[in-house]
Amino acid sequence: DLIDDNKIDEQDLGALCEQWLRPCYDCNEADINSSGKIDFRDYGLWAGNWLKRGPNLDGDVTGDGIVDMADLKPMVFHWTKTCE
Numbered sequence: 002d003l004i005d006d007n008k009i010d011e012q013d014l015g016a017l018c019e020q021w022l023r024p025c026y027d028c029n030e031a032d033i034n035s036s037g038k039i040d041f042r043d044y045g046l047w048a049g050n051w052l053k054r055g056p057n058l059d060g061d062v063t064g065d066g067i068v069d070m071a072d073l074k075p076m077v078f079h080w081t082k083t084c085e
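Following this line, the structure appears as structure tokens:
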């Protein structure tokens with residue numbers, strides 16, 4: 002029951018379909034240098050910490066303690082976009 006009406010029906014299917022392909026990446030999370038835009042400066046910070054582990058690393062967009070390919074995905078998704 003995705004819409005909390007105590008039924009599982011087509012309305013729940015509609016709620017699922019709305020979210021199915023929606024990106025789970027926030028533009029502001031991928032904006033590593035907080036410039037308001039995803040660009041090569043953000044990529045440089047990500048690359049500079051590539052495969053490093055630890056807390057609060059620039060480039061650890063997912064917050065899992067390692068800078069890796071999972072952190073690149075949000076940057077690629079929002080590449081050259083302006084974050085609001």
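Here my numbering is used: position 48 in the sequence shown is 49, and no number is missing along the way. The beta carbon of each residue, even a glycine, is placed where N, CA and C say it ideally should be.
The Cβ-Cβ distance between K82 and V68 does not fall below 8 angstroms. Looking at the DSSP output, I67 sits in a beta bridge with R54. Spanning the alpha carbons of A71 and D13 requires a straight line of approximately 30 angstroms. Annotation: the continuous alpha helix (DSSP H) that includes G45 extends over 41-49.
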